[in-house]
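Take 7 as the starting number for the sequence shown in the numbering used here and just add one per residue.
Scroll down for the structure; my scribbles are underneath it.
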Amino acid sequence: MGELLVAQAIAIPTSVAILAYLVVGLVIGVESMGVPLPGETTLIAAALLASQGHLRIEFVIAAAAIGAIVGDSIGYFIGRKAGRRLFERLGRRFHHFSEDRIVRAEKYFHRYGVWTVFFGRFVALLRIFAGPMAGMLRMPYPRFLAANAAGGIAWSATIGIVAWKVGDNADKIFGRVSVWALVGIAVLALAAYVVHRIRKRRQAAAPTAARPESASADV
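Take a look at the structure:
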């Protein structure tokens with residue numbers, strides 16, 4: 007009886023739980039469209055909450071899988087419509103998308119498109135850009151959808167269950183992980199990404215700023 011009262015006391019209300027599932031699906035969906043958000047961190051945080059009884063792991067996995075599949079599909083059609091212009095814009099903002107890398111990615115997609123979409127779900131960079139890249143290269147949508155759905159479900163189930171199991175053990179070692187601690191982890195991950203981008207931009211701008219000085223020195 008006492009355990010039941012404790013469980014009821016720590017349980018998140020149904021409306022809040024539904025909102026949590028929606029947030030999981032939304033963050034992962036937007037990430038899959040090509041926006042660098044901490045989708046995997048969100049999934050892990052939700053799975054840890056599920057390990058404490060706040061959420062249900064099957065709903066967490068379902069929300070993540072649906073978000074991944076829908077987001078990748080939207081990204082596919084964005085890439086299909088925008089074409090190479092999309093990656094030219096991305097290339098100006100992200101050093102990962104230099105012209106040489108885009109050409110190599112195109113060749114790789116042509117040869118291993120289905121497997122790239124499937125396994126790309128487990129790789130941070132490909133998870134963000136596999137959908138738009140597949141659309142740009144006119145990969146047939148039925149093939150893309152099959153690989154996308156299989157990869158999204160496999161990734162959500164694998165990451166979700168592993169985090170859920172680890173969280174179960176971590177709870178015994180470290181005590182209960184609060185919701186605010188998990189929010190803090192997500193914020194720190196996002197802040198780390200922003201700092202990384204700022205450093206990359208400064209490094210890219212440094213040689214440009216040095217050119218006029220070197221040119222005047224030559225004169």
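The beta-carbon is built from N, C-alpha and C at its ideal position, and this holds for glycine as well.
Can you confirm whether the stretch 66-84 touches the stretch 30-37 when touching is taken to mean that 3 or more C-beta pairs between the two stretches lie within less than 8 Å?
yes
Give a yes or no on whether the minimum CB-CB distance between A153 and chain D is below 8 Å.
This model lacks chain D altogether; it includes just one protein chain.
Residues in its own chain within less than 7 Å of A156 by CB, not counting five upstream and five downstream?
Taking the first residue of the sequence shown as position 1, residue 156 is located at position 150. Answer for A156: F124, listed in chain order.
Local conformation of Q209 per DSSP, three classes:
Indexing the sequence shown from 1 puts residue 209 at position 203. It is helical.
Cα-Cα separation, I50 to G126
The residue you call residue 50 lines up with position 44 of the sequence shown. The residue you call residue 126 lines up with position 120 of the sequence shown. Distance between the alpha carbons of I50 and G126 is about 18 Å.
With contact counted as at least three CB pairs below 8 Å, one residue from each stretch, are the stretch 79-88 and the stretch 38-52 in contact?
yes
Bounding residues of the alpha helix (DSSP H) (the contiguous stretch that carries G73):
Position 67 of the sequence shown holds residue 73. From DSSP, the alpha helix (DSSP H) with G73 extends over 63-88.
Under the assumption that E64 contacts I165 (Cβ atoms under 8 Å), give the Cβ distance between them as a whole number of angstroms.
The count along the sequence shown starts at 1 and reaches residue 64 at position 58. The count along the sequence shown starts at 1 and reaches residue 165 at position 159. In fact, because the Cβ distance is near 14 Å, the residues do not count as touching under 8 Å.
Buried or exposed: V22, going by 16 or more other Cβ atoms within 10 Å of its Cβ?
In the sequence shown, counting from the first residue as 1, residue 22 sits at position 16. It counts as exposed.
Look at the alpha carbon of A187 and the alpha carbon of I167, and state the distance between them as a whole number of angstroms.
Reading the sequence shown from its first residue, position 181 is the one you call residue 187. Reading the sequence shown from its first residue, position 161 is the one you call residue 167. Residue placement at A187 is poorly supported in this model, since its pLDDT is 49, which falls under 50; the coordinates are not used for a value here.
Under the three-state reduction of DSSP, which class applies to H116: helix, strand or coil?
For the purposes of this step, residue 116 is identified with residue 110 of the sequence shown, where counting begins at 1. It is helical.
With the cut-off set at 8 Å, would you say G119 and A140 are in Cβ contact?
Taking the first residue of the sequence shown as 1, we reach residue 119 at position 113. Taking the first residue of the sequence shown as 1, we reach residue 140 at position 134. Judged by their CB atoms, G119 and A140 are nearer to each other than the 8 Å cut-off.
At which residues does the alpha helix (DSSP H) containing P42 begin and terminate?
The residue you call residue 42 lines up with position 36 of the sequence shown. Careful: P42 lies outside any alpha helix (DSSP H) and carries neither H nor E.
What do you get for R117, buried or exposed, if any count of 16 or more other CB atoms within 10 angstroms of its CB means buried?
Reading the sequence shown from its first residue, position 111 is the one you call residue 117. So R117 ends up on the exposed side.
Can you give me the Cβ contacts of I159 inside the same chain, cut-off strictly under 7 Å, excluding the 5 residues immediately before and after it?
Reading the sequence shown from its first residue, position 153 is the one you call residue 159. Result list for I159: A71, in chain order.
For the alpha helix (DSSP H) that L131 lies in, which residues bound it at each end?
In the sequence shown, counting from the first residue as 1, residue 131 sits at position 125. Run containing L131: 130-142, per the alpha helix (DSSP H) assignment.
DSSP state of K178 mapped onto helix, strand, coil:
Counted from its first residue, the sequence shown places residue 178 at position 172. Because the pLDDT at K178 is just 48, under 50, the model does not fix this residue reliably, and the point stays unresolved.
Distance, Cα to Cα, F115 vs Q58?
Sequence index remark: in the sequence shown, residue 115 carries index 109 (1-based). Sequence index remark: in the sequence shown, residue 58 carries index 52 (1-based). Each residue's Cα considered, the two are about 41 Å apart.
Separation of D106 from K171, as counted between CA atoms:
Residue 171 sits at position 165 when you count from the first residue of the sequence shown. Residue 106 sits at position 100 when you count from the first residue of the sequence shown. One C-alpha to the other measures close to 41 Å.
Note down the Cα distance separating A69 from Q209, rounded to an integer number of angstroms.
Sequence index remark: in the sequence shown, residue 69 carries index 63 (1-based). Sequence index remark: in the sequence shown, residue 209 carries index 203 (1-based). One C-alpha to the other measures close to 39 Å.
Could you check the C-alpha separation between G53 and V66 for me, to the nearest Å?
Within the sequence shown, residue 53 is the residue found at index 47, counting from 1. Within the sequence shown, residue 66 is the residue found at index 60, counting from 1. The sequence shown places Ala at residue 53, rather than the Gly named in the question. Looking at the two C-alpha atoms, the distance is approximately 7 Å.
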